[in-house]
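What follows is one structure encoded as structure tokens, with my remarks underneath.
Residue numbers (my numbering): 51 to 178.
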């Protein structure tokens with residue numbers, strides 16, 4: 051990864067569920083002399099099964115803490131969405147507190163949930 055990033059102007063991560071994964075990767079890249087900006091990604095969950103499937107397809111681990119929050123409300127799309135936006139907002143807050151070079155958000159062909167996360171983070175106006 052370090053060799054590829056040395057040739058890039060910037061990079062965008064896959065989504066992840068824990069800010070420490072991003073911070074650890076950036077620290078490791080810096081230890082290898084890579085200063086290419088790496089933009090972290092947020093994925094607001096609106097469907098638990100889809101989010102779990104995408105996580106596993108990306109070769110990542112579906113975290114137990116997230117499964118424990120979503121499984122009890124799996125049949126309630128509004129609650130799944132509420133938790134998904136809350137999780138993405140909290141992760142975004144953790145990332146922004148450490149001054150990343152930007153934020154990328156997965157839209158999954160819908161703008162409502164990403165806009166809500168942006169509003170929660172104070173990155174767009176209430177009507178934006």
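Yeah, the Cβ is synthetic: ideal placement off N, Cα and C, and Gly gets one too.
The count of Cβ pairs closer than 8 Å, one atom from the segment 136-150 and one from the segment 100-108, stays below three, leaving the stretches out of contact.
Comparing alpha carbon positions, the residue from 73, 79, 69, 64 closest to residue 55 is 79. Check the Cα spacing between residue 110 and each of 120, 123, 72: the tightest is with 72. Residue burial is scored here from C-beta neighbours: residue 172 has fewer than 16 other C-beta atoms within 10 angstroms and is therefore classed as exposed. Under the 10 Å beta carbon count, residue 122 is surrounded by fewer than 16 other beta carbons and is classified as exposed.
In the structure shown, residue 86 falls within a coil segment according to DSSP collapsed to helix, strand and coil.
Sequence-distant partners of residue 112 (beyond 5 residues in either direction) whose C-beta falls short of 7 Å from its own C-beta, in its chain, are 102, 105, 106. When only Cα atoms are considered, residue 160 and residue 100 end up about 14 Å apart.
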